[in-house]
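So the structure is just underneath, and the comments pick up after that.
Chains as they are written, first to last, in my numbering: chain A, 33 to 456; chain B, 415 to 732.
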């Protein structure tokens, strides 16, 4: 409206006609009438009422933060999450925002450095007073910001599938925790491929180790056998020795949780060593469409991935989501599991704020359990008491074009169980 | 049962001698391939660090420049000249050499030549350069890794016998390493120019006094080292990833090989690559991956404590 007023001043120029000025001003105010419904909603929910804790909420806007690495080694993975979150926010704003208020984004760069994540989280919460933060990717970055969110009472929507063993009032985990992702996949491969022996291989840090611990327990509980368990430092590029070990132990299933640049080396060297993934069953929990770009479809075709989302899922929500994503970020872009989970964050927050009729962190945290999102690209999801999502688990088979064919999906939503008994 | 398969007896239970024989043969090849990779990584740095005394922290980024050139080449040729695709890799390696070499000479001219008397400052300067290059790659090619499509004949393996399979790309790297090593040897030790390089390295002032254009020698030597890094990066698209920060994956191993070998000796570099690769690949087979790495590094540290100058030392009168 202020810009309209300025235009009016300009038109009038130097002519001092009070009547004309009044008329023009009146006309300039006209666009405001069109905005009335939103204004009305904001009036029905006055800022004092929806924001009792001095968050950055005005009559027309609400500020949120996006906190991912856009530089450094993790930028490779986190870029997709940033894109998905911005898409969701743009779509929500198009629909009129949250509680009648447009979302304004403050984006910070965690720079792939965990202390930087903590510092930026503090900045978003203390200086910017954002109502919610969508961000983090690695467990290390989440662990670094968690104390900050708990101390300053912020709300974090965390998109990555992760190892579990965590639960916080201040975090909503929109990706799967380990048991959700692992158990159904193992059951499927045991049944479908009659697998008796497994070779576990992963990068050497908390997520693969915890995941494999759960996988090993599950495998051994069912009378099957782990014939090898190997970890390699992050960034390791030479897998020929372990590939020989795999040839020696002849496992029914190679169970892989190798991440980052190592992934590319691992699959290229598997292929070069003559291991045909159409004959040797390989199941991975760490390769999404994003990683496939670097690995090259021809090097991993035939492998199975166990996730909750694939870009190729056929349902109306997903078709709309994929089209909108490509329209916003280019036709070449691919969407992996985490990217989809990141897209859920802003939507879940909007639904929660509308249920709570408030932006207050405590009310959002309390209102979160039971929130249902029917528009999720992966299909219906619901927030559990433990702040994780009920979601389905799916198995996809890698194609040469870098996409997956879904070959299995669980019949029901799987309950998130971040502290699994008997698996620790 | 809970026990990890690391002990030898459990591991080899129930295998015939023939099967074990083939596994060991393949393991031997794995070691040789790792050796070739190490030599290829380290040759460029051995020239720059060993001969010139420049601690080039951006070595990995020069490699990745070569990898990106290969990526561009593969995309370009598969779109515009698909008939050439089976042999594009050779074109790509040549272009990678030129691109990295040219950038190397530019960097030498714009930055390094002011720092020859301050070796520790080259460390900081080239580290900064590596950060700049990473961000340039990220801005130009995107933060995600790119997939370099390889001609079919390079992927897959040769069956030597029924049970012994050797990866073709490994053999390719071995052949390439051998070829480059021979060329470097010829250039450094059998050519007039190489003699100039060695003279400048041994005594800059005297070399200048007898009429060697030391600035020119420096520029070309640095360019050569970077060019070789580019070729190595191009070759590594076969076995590793191509992303803005992939260069970081190689830098530690590269320095390890060069320092362990004795910084000024090319033979030392080769010997040290052989020792480290064999140790690592054997231990990786019998122990777990991370443990193997730890033990390798520990061994290197202990040997360097006993012999700080590295395995081989060039005798020079100072």
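The C-beta atom is built at its ideal place from N, Cα and C for all residues, glycine as well.
Within chain B, the residues that residue i reaches when beta carbons sit closer than 7 Å
i: residue 268/A; result: 703
i: residue 296/A; result: 559, 654 and 655
i: residue 108/A; result: 557, 558, 559 and 657
i: residue 263/A; result: 702, 703 and 704
i: residue 111/A; result: 557 and 558
i: residue 155/A; result: Here the premise fails: no neighbours, minimum Cβ distance about 22 Å.
Where residue i meets chain B, residues with beta-carbon distance less than 8 Å
i: residue 11/A; result: Outside the shown range of chain A, which is 33 to 456, sits residue 11/A, and nothing can be said about it.
i: residue 293/A; result: 559, 654, 655, 657, 659, 660 and 663
Beta-carbon neighbours of residue i, restricted to chain A and to distances below 7 Å
i: residue 569/B; result: 303 and 304
i: residue 444/B; result: 272, 273 and 276
i: residue 579/B; result: 305 and 306
i: residue 441/B; result: 273 and 276
Residue(s) in a DSSP beta bridge with residue i
i: residue 95/A; result: 136/A
i: residue 235/A; result: 264/A
i: residue 436/A; result: 430/A
i: residue 166/A; result: 98/A and 189/A
i: residue 422/A; result: 414/A
i: residue 665/B; result: In DSSP, residue 665/B forms no bridge with anything.
i: residue 581/B; result: 571/B
i: residue 656/B; result: 560/B
i: residue 289/A; result: 234/A
Sequence-distant residues of its chain with Cβ nearer than 6 Å to residue i (five each side left out)
i: residue 642/B; result: 457 and 458
i: residue 717/B; result: none
i: residue 83/A; result: 89 and 391
i: residue 349/A; result: 407 and 409
i: residue 190/A; result: 168, 174, 203 and 205
i: residue 436/B; result: 577 and 578
i: residue 332/A; result: 299 and 430
i: residue 591/B; result: 450, 453 and 454
i: residue 85/A; result: 392
Listed by chain order, chain A residues near residue i by CB distance under 8 Å
i: residue 493/B; result: The contacting residues do not exist; residue 493/B stays about 14 Å from chain A at best.
i: residue 584/B; result: 272 and 304
Closer than 7 Å: residue i CB and nearest the ligand NAD heavy atom
i: residue 519/B; result: Only the bare structure without any ligand can be found here, which leaves the ligand NAD out of the picture.
Chain A residues whose Cβ lies nearer than 9 Å to that of residue i
i: residue 451/B; result: 269 and 270
i: residue 437/B; result: 276, 277, 279 and 280
Sequence-distant residues of its chain with Cβ nearer than 8 Å to residue i (five each side left out)
i: residue 66/A; result: With a pLDDT of only 45 at residue 66/A, under 50, the local geometry of the prediction cannot be trusted, and no value is derived from it.
i: residue 150/A; result: 176, 177, 179 and 180
i: residue 162/A; result: 87, 88, 95, 96, 97, 138, 156 and 186
i: residue 201/A; result: 182, 397 and 419
Cutoff 7 Å; reference residue i; Cβ partners in own chain excluding five residues on either side
i: residue 618/B; result: 628
i: residue 142/A; result: 99, 100, 101, 148, 149, 152 and 173
i: residue 49/A; result: The pLDDT assigned to residue 49/A is 49, lower than 50, so where the model puts this residue is not dependable; a value taken from the coordinates is nonetheless given after this. Taken in chain order, the list of residues that qualify is empty.
i: residue 450/A; result: 196, 197, 198, 199, 209, 418 and 420
i: residue 383/A; result: 403 and 405
i: residue 119/A; result: 356, 357, 360 and 375
i: residue 135/A; result: 94, 96, 121, 124, 125 and 129
Neighbour list for residue i in chain B, Cβ cutoff strictly below 9 Å
i: residue 170/A; result: Going along chain B, no residue has its Cβ under 9 Å from residue 170/A, so there is no contact; the nearest lies around 14 Å.
Worksheet item: Should the region 99-110 of chain A be regarded as contacting the region 409-416 of chain A, the criterion being three or more beta carbon pairs within less than 8 Å?
Response: no
* Asked: Taking any Cβ of chain B, which residues in the region 319-333 of chain A have a Cβ under 9 Å from it, in chain order?
  -> 322, 323, 324, 325, 326, 327, 328, 329, 330 and 331
To be precise: take each residue of the region 204-233 of chain A, compare its Cβ to all Cβ atoms of chain B, and keep it if any distance is under 7 Å. Which residues remain? none
task: Taking a Cβ distance cut-off of 7 Å, strictly less, list which residues of the region 687-719 of chain B are near chain A, in chain order.
output: 695, 698, 699, 702, 703, 704 and 707
Which residues of the region 453-481 of chain B have a Cβ closer than 7 Å to any Cβ of chain A? Give them in chain order.
none
Is the region 163-178 of chain A close to the region 296-316 of chain A, with three or more CB pairs under 8 Å? no
- Taking any Cβ of chain B, which residues in the region 76-104 of chain A have a Cβ under 8 Å from it, in chain order? 102, 103 and 104
Please confirm if the region 401-409 of chain A is in contact with the region 294-301 of chain A, defined as three or more CB-CB distances below 8 Å between the two stretches. no
Could you please tell me which residues of the region 235-263 of chain A, in chain order, have their CB closer than 9 Å to any CB of chain B?
236, 248, 252, 257, 258, 259, 260, 261, 262 and 263
(Q) For the structure I just gave you, are there three or more beta carbon pairs, one from the region 698-718 of chain B and one from the region 459-470 of chain B, closer than 8 Å? (A) no
Query raised in the report: Would you call the region 257-268 of chain A and the region 222-233 of chain A touching, i.e. three or more CB-CB distances under 8 Å?
Result: yes
Per the contact definition of three or more C-beta pairs closer than 8 Å, is the region 473-489 of chain B in contact with the region 550-565 of chain B?
yes
| Taking three-plus beta-carbon pairs below 8 Å as touching, is the region 625-639 of chain B in contact with the region 266-273 of chain A? | no
message = Is it the case that the region 645-656 of chain B contacts the region 581-599 of chain B, given that we only count it when at least three CB pairs across the two stretches are under 8 Å?
response = yes
Counting Cβ pairs closer than 8 Å, one from the region 370-379 of chain A and one from the region 110-130 of chain A, do we hit at least three?
yes
Check: Is there contact here, the region 267-285 of chain A with the region 442-452 of chain B, by at least three beta-carbon pairs under 8 Å?
Finding: yes
Determine, using beta-carbon pairs with one atom in the region 496-509 of chain B and one in the region 657-675 of chain B, whether at least three such pairs fall under 8 Å. no
Please determine if the region 428-443 of chain A and the region 320-339 of chain A are in contact, where contact requires at least 3 C-beta pairs separated by less than 8 Å. yes
For the structure I just gave you, are there three or more beta carbon pairs, one from the region 238-258 of chain A and one from the region 221-229 of chain A, closer than 8 Å?
yes
- Per the contact definition of three or more C-beta pairs closer than 8 Å, is the region 520-537 of chain B in contact with the region 464-477 of chain B? yes
Short of 7 Å Cβ to Cβ, which residues in the region 540-557 of chain B face chain A?
549, 552 and 557
### the region 363-373 of chain A contacting the region 321-328 of chain A, beta-carbon criterion three pairs below 8 Å
yes
Q.
Three Cβ pairs or more, each shorter than 8 Å: is that satisfied between the region 278-293 of chain A and the region 234-246 of chain A?
A. yes
Note to self: Please list, in chain order, the residues of the region 379-409 of chain A that have any C-beta partner in chain B closer than 9 Å.
What the structure shows: none
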